[in-house]
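What follows is one structure encoded as structure tokens, with my remarks underneath.
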Amino acid sequence: MEKFYKFLACVLGVLTLTAVSQASASDFYRQRNLVSDSAAVPAEQRDPNLVNAWGLAFNPYGVAWVADNHTGVSTLYNGNGNPQSLVVTIPGPGGATGSPTGTVFYGGPGFVVTKGGVSGPSRFLFASEDGGIAGWAPNVDATHAIRVIDNSAHDAIYKGIALSGNGRGTLLYATDFHNGKVDVYDSTFKPVYLPGKFRDPRLPAGYAPFGIQAVNGDLYVTYAKQDEEREDDVAGPGFGFVDVFDPDGHLLRRLASGGALNAPWGIALAPASFGRFSNRLLVGNFGDGLINAYDPATGKWLGRLKEPHGKAIHIDGLWGIGFGNGLNDQPIDTLFFAAGPDDENHGLYGRIDVAPGDEHDDASETQ
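Letter by letter, the sequence shown follows residues -25 to -1, 1 to 342 in mature numbering (1 follows the signal peptide of the UniProt record, and there is no 0).
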């Protein structure tokens, strides 16, 4: 009988610890502005290169890389916003200043770039609004990416970039907002024509691929409403869709339609230690600066990221979002973000952490 009571005590102890652990996870989050381009946007540090901070990617062994759309460079920061000495120029057509949007890290042997007789695999790849794709290889040119694809003659406007594999190698995917399609290239930068073609027959006219992110091998594509020139998005409540495709471009499912979406661009899957929205798919709206959480399996809308006391976190001009790599003060359960506040005329890089404590959000919420 004594052994039974000891066993029962152990079981109750485990259950109690589990309950406390679940109850102590806060439903709220705290925003911290790390770096901005000027005093016009409050932040802990300043970097004049950080104007319309857009794409965000982590070196798995280093710091975050941010694509600065209006200055044509990529700047690097650790988890406390300390600027790194390396600044990489992203070229535009004909040697002009580039306009980078999405960026992605690559660690393999492909996507080789060449300059001055020196070649090497790209470690970061960049898409640009001027219709270009560029790769950065540190042994080729430490401070300049090399432009390898130029579709400016076809009026391509690349708003996002992602990498994934279809079983036959790593592929590069770029969202051409102007022409309403996803361009795909193999690891030699040659075009690939996939059977699925990233088509959604239910997509309303006037919407085009905007952001793109690989999540567990699948491609999550966000759609925004095009303006009359098909160059930029039109913001508005309910203006947006999120689709999920396999690496061959076949539509798997429509994840989200309208509702809380407003020119969605950023996508990130939360880890198991991200408070209320652990293991949820986060979708950042460029249109209204809100971050919405969805059930990644059903697409059910679950709410917005909120500060303590219930106010929704709002980041003007929100673009890229992504969780840290566990190095350089970049926790894996901290959501980092890049933004272009004030109609993209300024820049902001920051982080969102789970708020300490055990506060819970019992308020009802609508999309």
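The beta carbon of each residue, even a glycine, is placed where N, CA and C say it ideally should be. All values derive from a computational prediction rather than experimental measurement.
Report task. Could you tell me which of 7, 21, 6 sits nearest to residue 13, measuring between CA atoms? Result -> The residue with the shortest Cα to Cα distance from residue 13 is 21.
Report task. Buried or exposed for residue 94, please, with buried defined as at least 16 other CB atoms from any protein chain shown within 10 angstroms of its CB. Result -> With a threshold of 16 other beta carbon atoms within 10 Å, residue 94 falls short and is exposed.
**Report entry** Coarse secondary structure for residue 326, derived from DSSP in three states
**Finding:** Under the three-state reduction of DSSP output, residue 326 falls in the strand class.
Query raised in the report: Among residues of its own chain, excluding the 5 on either side of residue 301, which ones have a beta-carbon nearer than 8 Å to its beta-carbon?
Result: Shown here for residue 301: same chain residues with a beta carbon closer than 8 Å to its own, the five before and five after excluded, namely 307 in chain order.
Report task. Starting from residue 158, follow the alpha helix (DSSP H) in both directions and report where the run begins and ends. Result -> From DSSP, residue 158 is part of no alpha helix (DSSP H) but of the beta strand (DSSP E) over 156 to 160.
Query raised in the report: With a Cβ-Cβ cutoff of 8 Å, do residue 198 and residue 230 count as a contact?
Result: Not closer than 8 Å, so no.
**Report entry** Among 18, 129, 304, nearest to residue 153 - alpha-carbon criterion
**Finding:** For the residues 18, 129, 304, the minimum Cα distance to residue 153 belongs to 129.
Query raised in the report: When burial is assigned at 16 or more other CB atoms within 10 Å of the CB, is residue 75 buried or exposed?
Result: Classification for residue 75: buried.
Report task. Measure the C-alpha to C-alpha separation of residue 217 and residue 196 and round it to an integer number of angstroms. Result -> Residue 196 has its alpha-carbon roughly 6 Å from the corresponding atom of residue 217.
Requested in this report: Would you kindly work out how many angstroms separate the C-alpha atoms of residue 200 and residue 177, rounded to a whole number?
Outcome: Distance between the alpha carbons of residue 200 and residue 177 is about 14 Å.
Query raised in the report: Going along the chain, which residues of its own chain have a beta-carbon closer than 7 Å to the beta-carbon of residue 293, five neighbours each way excluded?
Result: The beta carbon of residue 293 sits closer than 7 Å to the beta carbons of 241, 259, 260, 261, 264, 312, 314 from its chain, once the five residues preceding and following it are set aside; these are given in chain order.
Report task. Would you please state the rounded distance, in angstroms, between the beta carbons of residue 157 and residue 166? I believe it to be under 8 Å. Result -> Between the beta-carbon of residue 157 and that of residue 166 there is about 12 Å, and that puts the pair past the 8 Å contact cut.
Query raised in the report: Looking at residue 77 and residue 42, is the spacing between their C-beta atoms short of 8 Å?
Result: Cβ distance < 8 Å, so residue 42 and residue 77 count as in contact.
Query raised in the report: Taking residue 168 as the reference, which of 223, 205, 210 has the closest Cα?
Result: Its Cα nearest to that of residue 168, the residue 223 stands out among 223, 205, 210.
Report task. Quick one: give me the first and last residue of the alpha helix (DSSP H) that residue 239 is part of. Result -> That residue, residue 239, is in no alpha helix (DSSP H); its beta strand (DSSP E) goes 239 to 244.
Query raised in the report: Cβ of residue 253 within 8 Å of Cβ of residue 245?
Result: Yes; because the gap between Cβ atoms is below 8 Å, this pair is in contact.
Report task. Return the Cβ separation of residue 136 and residue 187 in integer angstroms, given the expectation that the two are a contact with Cβ distance under 8 Å. Result -> Right, their Cβ atoms sit about 7 Å apart.
Requested in this report: Over the uninterrupted alpha helix (DSSP H) stretch that includes residue 317, give me the two end residues.
Outcome: Unbroken alpha helix (DSSP H) run through residue 317: 316 to 319.
Query raised in the report: How would you call residue 284, buried or exposed, if buried means at least 16 neighbouring beta carbons within 10 angstroms?
Result: With fewer than 16 neighbouring CB atoms inside 10 Å of its own CB, residue 284 falls in the exposed class.
Query raised in the report: How many whole angstroms separate the CB atoms of residue 309 and residue 327, which I take to be in contact at a CB cut-off of 8 Å?
Result: The Cβ separation is near 7 Å, so the contact holds.
Requested in this report: Kindly list the residues whose CB is nearer than 8 Å to the CB of residue 59, restricted to its own chain and excluding five residues on each side of it in sequence; keep chain order.
Outcome: Contacts found: 38, 50, 51, 52, 53.
Query raised in the report: Among residues of its own chain, excluding the 5 on either side of residue 338, which ones have a beta-carbon nearer than 8 Å to its beta-carbon?
Result: Within the same chain, Cβ atoms closer than 8 Å to the Cβ of residue 338 are found at 285, the five residues on either side in sequence being excluded.
Query - Alpha-carbon spacing of residue 282 relative to residue 2, whole angstroms - result: So the alpha carbons of these two residues sit roughly 9 Å apart.
Query raised in the report: With a Cβ-Cβ cutoff of 8 Å, do residue 99 and residue 32 count as a contact?
Result: Taking 8 Å as the Cβ cut-off, residue 99 and residue 32 qualify as a contacting pair.
**Report entry** Collapsed DSSP secondary structure at residue 284 in the structure displayed
**Finding:** Correct three-state label for residue 284: coil.
Query raised in the report: Which same chain residues, not among the five before or five after residue 345, have their C-beta less than 8 Å away from its C-beta?
Result: There is simply no residue 345 to check, as the chain begins at -25 and stops at 342 in what is shown.
**Report entry** Rounded C-alpha distance that separates residue 343 from residue 102
**Finding:** Summary: the structure shown does not reach residue 343, with the chain confined to residues -25 through 342, and so no result is reported for it.
Requested in this report: Work out the CA separation of residue 27 and residue 109 for me, nearest whole Å.
Outcome: Answer to the nearest angstrom: the Cα atoms are 19 Å apart.
**Report entry** residue 80 beta carbon less than 8 Å from that of residue 44
**Finding:** Between residue 44 and residue 80, the gap from beta carbon to beta carbon reaches 8 Å or more.
Requested in this report: Under 8 Å by Cβ, that's how I've got residue 322 and residue 11 pegged, so tell me the actual separation to the nearest angstrom.
Outcome: About 6 Å separates the two Cβ atoms, so the contact holds.
Query raised in the report: Candidates 68, 235, 297: which alpha carbon is nearest residue 278's?
Result: Considering only alpha carbons, the answer is 235.
Query raised in the report: Looking only at C-alpha atoms, which of 289, 274, 272, 273 sits nearest to residue 280?
Result: Closest by alpha carbon: 289.
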